[in-house]
Every structure is written in C-alpha cells, then in structure tokens.
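Just so we're aligned, residue 701 is where the sequence shown starts under this note's numbering, counting upward by one.
Beta carbons are placed, not taken as given, at the ideal position from N, Cα and C, and that holds for glycine.
These numbers were taken from a predicted model, which means no experiment stands behind them.
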Amino acid sequence: MHWMDFFLSGPSDRHRDSRHRESFLMSFRFALSFRSVISHRVFTTSSRTVMSTSFSSIADQIKLDIISKTHALDNASKRKEISRTFISDTVTVPTEEMYSYATLATLGDDVYFEPSTAALEAHIAQITGKEAGLFLSSGSASNQIALRTHLKQPPYSVICDHRAHIHKYEAGGTAFHSGATVLAVIPSNKHHLTLQDVKDNIIISNDTHFAPTEVVALENTLNGTIIPQEEVIEISDYIHSLGLKMHLDGARIWHVAAETSTPLKELCDPFDSVSLCFSKGLGAPVGSCLVGTKEFIAKARWFRKLFGGGMRQTGILAACAAYSLTNNFPQLPRVHTLARKLEAGLEEIGAKILSRAETCMIFYDPSPLGVTYDEIGDRGSALPEPLFLGGSRLVVHIQTSDAAVEDFLGIVRQLAAEKRAAGFVKPQEQANGEIKDVYVRRVSKAAK
C-alpha cells in the first residue's frame, strides 16, 4: 500500500492494514523532510533574487545629486545677493579660499576629541583668558548649554536685558531647558543694563514666592551697541560678591574688540562663561565656541550630548572658523565705517535714527519722511540688482558692497522726494507692543 493511499484511506482500512503503518510513518516523515528542504532552497533562492532586485531599487531611490548643472552661475548670483543683503550678518558665505583651507583640516571624530577642533577650542580659550572651550553648532546652543550648566536645581532666575537674544530669540529655551524664570529688564538709560538696573531687579530671597537669581547674562554687542567695560566690571564684581554667576552672549564680541581695540581676554574676564559666534560677523558657515573653566566645559560637553548629541567630523568647520579669525576679523573696521556711512546718509535725508551705528548695525525709522519699511523694501526689490531688506534693522557685514549702501540711500532719498512732492502726512510710528522696540521686523509678502 502506498503511503498516500494509507493517508487517504479511512480508519477501518488503516486498522486492517496495520502492518503498513510503520512504513507509512517512515514515508511521511521523509516526505515532510524532503518538502522542507526543497521549500527552504526555493525560498532562499527566491529571497536572494528579490533582495538583489529590491536593493538596486532602494539604492536608486536613495541616491541624490544636489549639484546644479549651473552651480558656478548660481553661486556667483548668490554671492551678489549676499553683498546686497542688509537683513543679517548670518547670510555671509565661505569664500573659495576658506573652502580650500578647510580641506586641509584633520578628519577625526570630535566625540573622541578631533585635533583641528581641539586646537580651535584651545585657541579661543587662550585668547579669552579661560581654561577650556567647547565647539557648538550655534550661538543659541552655546547660550542655552551655558545657562543649563550654571543652573543646578530650580527654582532660580536669570537677569538679562529685555532685548536679549536668550530672552527673545531662542524659543523660550531658558525656561524649557533650565526651568529658569527670565527677569527681562528694561535699561533705565535705554542703552545698556547698569549696576543699578541689576540691583533693582535681582532676587536675593528665601521667600518661597520668588525664584532667586543665579545668573546675570549680558549681551555684547546688543543690537550692535557696546556695553561700557567699566559697567560690565561693576556688575560682575557685585554679582560675584553674592556668589552668583555671570554669562556673556558674545556672539558679536569680535566687533567690540575691533571697535574699542580691547583684547578679548579683557572683555571676557568679568564672566564665568562666554559664548562666541563664528558664523555672524566673522563669516564662517557654522559654529560657536563656549568657554569657561575646565570643570564647567566638562559639564557643558555632557549637556551638549544630552541636548542634541556629540559633534562628529568637525575639523572642516573648525578650519573655517580658524580661517575667519585670521582673515575676516581684520575686515571689521571697514564694516563699522560702512555702517556709519549708512547712518550719516539716513540722517542727511531726514530719517530718524533709533539706534546708532556703534558697530555693524543701525536701526532707523523712515516715518518722518512719510515713507514705510514696506515701500523701501519693495523699491529695493525692484532694482535691476535687488536689495534685500528687513524692517528697521540694517546689518552691514564683511561681504556688504559699497554699491549696496549707495543704492539703499538712493532709494530712500528718491522715496522721500516723491513724498514731499505729493505732500505727505506723517504715518503712525511703528513699534512692537507698548514698550517700543527699535527692532521692527518687516514681514515678507510670502509670509502674509
């Protein structure tokens, strides 16, 4: 009896043919084993075929070429655009020379202390008079990690100027990351925080209703203006006498050094931690450096990992920063001269100067001319070589062209003449909220 016949037969048939049962079981086991082997071979072969086909398809989906066929023309056009942009100094781009220098950097992993990055950190620490440095991706990251490293356990508060970047432009990071209350102080002199401003607002109390002040954070420059060093020292001496900490958002401290001919070490000495940015006034593509004591930086490195992860092959970025220190820092005096030229031109035309060009920025109000920021922006956009403008803030940087400054003053002058000819009525003064802020941002038409 064949094993399949036995399998298909009824119970009575099987009992009558019990002598074939053992033969059936052996045959059945063999059949299952054979089927399993064949199935496995077919499946394995099929999977390999499918895998090979799928991988090729996936590779096709993943591959990318972002280099435009007209990349040389595109980059030339972008460089021209940047030379005519007054929105921010963050728009600056690496030059060919900076690119070339960056390719010579070491290619280590910064989590394991990449040599070029370590050299940059050590240099920044040395010129600021601090023990150690930490390379970070941005000024906001540097500020927030610094504050979190200083602040041990809530409740606590941080005193800063009401216009400070850590208060207005870091997405509420001080509250989110550190659980700290920000005491945003309006300077009594409308220029910079004074010792009296700090004393009037500091919280030194065990009253459970309040969050005691642990850090005073200054910003220099702030909106392009310089805090007098004597004032900084007075605030620092007072804060340190209380056992509290001082942090400096020195994203543009380079401008202070260039304008006042003061060494960075002297400017940074009153502070326990300092954040210095490479991608604004200095024109590097990415990066900031946080400096402080060795113990402080070791803890900050831990928070860098916690907040967003370690940095990897940063030698290329460190090289760009190093190039900017050597080649771009010396250009800052020209930037300041160009900013003052803007200020003088606007005053001559009749615009109101809201904040003077102490370094690279000027804030102005065109309403005395009967002109709005939108009108100036639209007229600038319509030029054969457009100007790129925000609102009240004009930022001059190392790649700003002299022609852009002349063209900007030209359109303001022309608009003012047109308004005079039409007999303008002075529009309502523009401001942000009840407390007037010199920084009035112009909303682009695409965002409206």
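Going by DSSP, name the residue or residues bridged to residue i.
i     : result
E1029 : Reading off the sequence, residue 1029 comes out as Phe, not Glu. F1029 is not bridged to any residue.
G885  : First, the residue type needs correcting, since residue 885 is Val and not Gly in the sequence shown. Answer is D861, bridged to V885.
D949  : E919 and S975
T913  : S857
T925  : L922
T803  : Bridge partners of T803: none, in fact.
T785  : F1088
Quick check on this structure: which residue in the options has the alpha carbon closest to the alpha carbon of residue i?
i     : options                       : result
S1101 : E1043, L1038 and G981         : L1038
G983  : N843, Q1099 and F755          : Q1099
T803  : L1025, L1006 and A1021        : A1021
K899  : P912, A1057 and T806          : P912
L967  : L764, K1052, R952 and I845    : R952
S800  : A1019, G829 and Y1064         : A1019
K778  : A805, I926, E1047 and V791    : V791
R1056 : V1125, T1026, V1138 and E1118 : V1138
L990  : E797, A1122, A822 and T921    : A822
V1112 : K1005, A1051, T960 and I782   : A1051
E814  : N1028, L1109, F1108 and M1011 : M1011
I997  : I762, K763, E831 and P854     : E831
P1071 : R1040, E1085, E1043 and A1117 : Note that residue 1071 is Val in the sequence shown here, rather than Pro. Ranking the options by Cα distance to V1071, first place goes to A1117.
T817  : G1015, R1093, L1094 and V1096 : G1015
S837  : K994, S941 and G987           : G987
V956  : A846, T925 and A805           : T925
D810  : F1088, L1025, D1065 and L1017 : L1017
Can you tell me where the beta strand (DSSP E) with residue i in it begins and where it stops?
i    : result
I859 : S857 to D861
F835 : A832 to L836
G992 : S988 to G992
Check the C-beta distance from residue i over to residue j and give it rounded, since I have them as a contact under 8 Å.
i     : j     : result
L1032 : A1104 : About 18 Å; that fails the 8 Å criterion.
G950  : V974  : 5 Å
T963  : M946  : It should be noted that the sequence gives Pro, not Thr, for residue 963. Wrong, their Cβ atoms sit about 18 Å apart, outside the cutoff.
V858  : T874  : 6 Å
G872  : P854  : At roughly 15 Å, the Cβ-Cβ gap does not stay under 8 Å, so G872 and P854 are not in contact.
L1094 : I1062 : 5 Å
V916  : I933  : Not really, about 13 Å apart at Cβ, beyond 8 Å.
E931  : Y856  : With a Cβ gap of about 24 Å, E931 and Y856 do not count as contacting.
What are the start and end residues of the alpha helix (DSSP H) that includes residue i?
i    : result
E673 : In the structure as shown, the chain starts at 701 and stops at 1148, and residue 673 therefore has no counterpart that could be examined.
A871 : Element bounds for A871: n/a, residue is neither H nor E.
S842 : G839 to H850
N906 : No alpha helix (DSSP H) holds N906; DSSP gives it neither H nor E.
V898 : L895 to N901
K965 : L964 to C968
Checklist entry - At what residue ranges does the stretch 1044 to 1129 contain a whole run of the alpha helix (DSSP H), taking only runs of 4 or more? => result 1073 to 1081 and 1102 to 1122
Next on the checklist: Extract the residue ranges of the alpha helix (DSSP H) inside the stretch 988 to 1024, only unbroken runs of 4 or more that lie entirely within it.
Outcome noted: 994 to 1007
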